[in-house]
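My numbering numbers the first residue of the sequence shown as 6 and each following residue consecutively. Yeah, the Cβ is synthetic: ideal placement off N, Cα and C, and Gly gets one too. Below is one structure, written out as structure tokens; the observations come after it.
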Amino acid sequence: MRHVRHLCLVLALLATGCRYPEDPFFAYGRALQANGEPLAGATLSVERFPQPPRDFGQEEPEGPFAFTPYGTATTQADGDFTHQFLSGDVEESASDGSFYVQHRFRLALPLENGQGTFVSFLFNGDMELPTLRPWEARFTVSQELAGPTLSFAPAPPPAELPPSGRNRVLILGPEGETQVEVPVTVPEPIVQLFSGGGRLWMQQGVSSPWRPSPYVLEDFASPEAQLRAVSLGTWFFSPLGSAGSTVDFRQEWRTARLPLPAGASRPISRGASCQPSPPGACPWTDGQLASVPFFSEDLDEAPTSLVITLAEPRRLSRAVIRGLEHSHLFTGTERLRLEGSVDGASWLPLADLVLRTRSFEQAALNSLNEGFAHTTSWDSPFDGQLEQSNRLPLFVDVPLQSAEPVQHFRLQVEAESEELSGRRLLFSLAEVSLFE
Numbered sequence: 006m007r008h009v010r011h012l013c014l015v016l017a018l019l020a021t022g023c024r025y026p027e028d029p030f031f032a033y034g035r036a037l038q039a040n041g042e043p044l045a046g047a048t049l050s051v052e053r054f055p056q057p058p059r060d061f062g063q064e065e066p067e068g069p070f071a072f073t074p075y076g077t078a079t080t081q082a083d084g085d086f087t088h089q090f091l092s093g094d095v096e097e098s099a100s101d102g103s104f105y106v107q108h109r110f111r112l113a114l115p116l117e118n119g120q121g122t123f124v125s126f127l128f129n130g131d132m133e134l135p136t137l138r139p140w141e142a143r144f145t146v147s148q149e150l151a152g153p154t155l156s157f158a159p160a161p162p163p164a165e166l167p168p169s170g171r172n173r174v175l176i177l178g179p180e181g182e183t184q185v186e187v188p189v190t191v192p193e194p195i196v197q198l199f200s201g202g203g204r205l206w207m208q209q210g211v212s213s214p215w216r217p218s219p220y221v222l223e224d225f226a227s228p229e230a231q232l233r234a235v236s237l238g239t240w241f242f243s244p245l246g247s248a249g250s251t252v253d254f255r256q257e258w259r260t261a262r263l264p265l266p267a268g269a270s271r272p273i274s275r276g277a278s279c280q281p282s283p284p285g286a287c288p289w290t291d292g293q294l295a296s297v298p299f300f301s302e303d304l305d306e307a308p309t310s311l312v313i314t315l316a317e318p319r320r321l322s323r324a325v326i327r328g329l330e331h332s333h334l335f336t337g338t339e340r341l342r343l344e345g346s347v348d349g350a351s352w353l354p355l356a357d358l359v360l361r362t363r364s365f366e367q368a369a370l371n372s373l374n375e376g377f378a379h380t381t382s383w384d385s386p387f388d389g390q391l392e393q394s395n396r397l398p399l400f401v402d403v404p405l406q407s408a409e410p411v412q413h414f415r416l417q418v419e420a421e422s423e424e425l426s427g428r429r430l431l432f433s434l435a436e437v438s439l440f441e
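Dropping the structure here:
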């Protein structure tokens, strides 16, 4: 049946000419159960987010987004399905050329024991979607002597390029002498821990078994663990005689949330003062997990460092930083520098951690998906935002080398590249916890 679907797609693309709002577009897909068997006879809901018109160069709106129903698709015995869209519902443009928008759509499978997957996509003609199959993660949590242990299967493979499509090609070099094919990004397991509705930890690229340290769990009540994975891709469909079409898609997978035992490690920094800080108590040492921006009416510019002052000098052994967002360089090396001081004037190194190093080619490849990755990071119908790439907040659990007690703790991010070096701006942060 699958080869028939590809033939139908080619024939539909061949017939594409001038497009009118009432012209039909067709999407072809396949839905499978977690065990790989066809999801036959299922009714799948298709949803749409109508992008507001905006001028060229204007930034896309921030989420979360309100998707609305746009019909249903019923799967056949082999799991295949087809859905019809109207051109005017898919894309819009102004007669004077002042704007062009593609409206985003979403299609999700029903949850299967808490396991789910969805795809959100932009397109401009007949195309094929990636196969939808939940992640058979076999996710469990066990209690061992070393603490709670998360066990799970590897992340699902990336979507297979359909015979009717081709990948995007990135052209590099001053004369365009290098062409790099850009396949669908490979999903990696992402572990997220939650407490009281807030996210207390996120780590990408983890492998089984994975154990959160007692410092990560801190003293948060009723923590829960969940696994997610995401893949981004662009496919082109352009047979002879056709204007062609593209689809940009985000595919996500998720597991159910499982309970973890409560943590019992209270940081000595709880309630400590900090600089800069809005009026009142420091929002980054209060044990709350909400992300708080540095830039506000009370702070007229983003700082390049955060200093936490303890009630008295203490010898530090650990720092846990949650949800730090900062400015980035396009290429080069970024480092997290943590320092301590007795008097707030002379600083001693406590930790120096390389966060990432990116070449120009790596940066160029990542930049292809960054805007789409951010815009679609709120698209899950099941869960909250899942950031990627430059928008990925920093969560680190760092051992500290404190030879003597310190009363002041300083956090900075520094970058080094051929073009520019120096401290980076700090945009927002959830929490910093210091332990003896």
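From the options, pick the residue whose C-alpha is nearest to that of residue i; which is it?
i	options	result
W240	P69, F440, L397 and A164	A164
E242	N172, D101 and S426	As written in the sequence, residue 242 is Phe, which differs from the Glu given in the question. Measuring from the Cα of F242, the nearest candidate turns out to be N172.
E317	L222, E67 and V411	V411
R363	E186, N118 and S372	S372
P69	A39, D253 and R109	R109
V297	P135, L343, G328 and G285	G328
R138	E441, G345 and P43	P43
L49	S385, P115 and T290	P115
V189	I195, S322, M207 and G170	G170
V312	F300, G292 and G345	G345
M132	P219, F30 and E65	F30
L391	L155, Q197 and G84	Q197
D291	D348, P308 and P272	P272
E141	T122, P66, F335 and S385	T122
T439	E421, R262, P162 and L315	Per the sequence presented here, residue 439 reads as Leu, with Thr not at that position. Considering only alpha carbons, the answer is L315.
A71	L175, T77, P57 and Q81	P57
Q184	E65, L175 and R24	L175
L425	L334, P162 and S385	L334
G268	S332, A36, V418 and F199	F199
R262	I195, E339 and T79	I195
P74	P66, T338 and F54	F54
E330	F414, T336, L265 and F400	F400
P266	A286, L222 and Q231	L222
N40	V95, Q148, A158 and F126	A158
S125	R396, F387 and S422	F387
P66	F377, F414 and E421	F377
Per DSSP, which residues does residue i bridge with? Please list them.
i	result
F414	I313 and G345
I326	V401 and V437
P43	L37
L112	V51 and V124
P264	E229
C279	I313
T80	DSSP, once it has assigned bridges, lists no residue as partnering T80.
L353	G345
S169	Looking at the DSSP assignment, S169 forms no beta bridge with any residue, so it has no partner.
Y105	S98
E257	F123 and V235
P29	L91
P74	E52
F86	G34
H331	L431
L177	T183
S422	For S422, which the question treats as bridged, DSSP gives no partner whatsoever.
R340	V359 and E419
R320	According to DSSP, which records beta bridges pairwise, R320 is partnered with nothing at all.
P298	S433
E117	Q120
Kindly give me the distance between the Cβ atoms of residue i and residue j, rounded to whole angstroms, as I take these residues to be in contact under 8 angstroms.
i	j	result
E27	G93	7 angstroms
L358	L341	4 angstroms
P214	L155	7 angstroms
S310	L405	Not really, about 17 angstroms apart at Cβ, beyond 8 angstroms.
L134	A286	The pair is not a contact, with the Cβ atoms about 49 angstroms apart (cut-off 8 angstroms).
V106	E97	5 angstroms
A78	F86	4 angstroms
A368	T336	5 angstroms
E366	L127	E366 to L127, Cβ: 25 angstroms. No contact.
P80	A151	Reading the sequence as shown, one finds Thr at residue 80 and not Pro. So it is not a contact: roughly 44 angstroms between Cβ atoms.
Report yes or no: is there a C-beta of chain B within less than 8 angstroms of the C-beta of residue i?
i	result
S310	Among the chains in the structure shown there is no chain B, since it carries only a single protein chain.
Open item on the list: Ignoring anything shorter than 4 residues, give me the alpha helix (DSSP H) runs that lie fully in the stretch 184-252, in order along the chain.
Closed with: 219-222
Open item on the list: Counting beta carbon pairs with one atom in the stretch 274-283 and one in the stretch 192-209, are three or more of them shorter than 8 angstroms?
Closed with: no
Task: Inter-stretch contact at 8 angstroms, needing at least 3 Cβ pairs: the stretch 230-239 / the stretch 252-269 - done: yes
Task: Stretch-stretch touch, CB-based, cutoff 8 angstroms, three pairs: the stretch 341-357 with the stretch 429-440 - done: no
Open item on the list: Give the list of continuous beta strand (DSSP E) stretches no shorter than 3 residues that lie fully inside the stretch 352-393.
Closed with: 353-363
- [ ] Within the stretch 126-158, note down every full beta strand (DSSP E) run reaching 3 residues or more, in order along the chain.
- [x] 145-149 and 152-156
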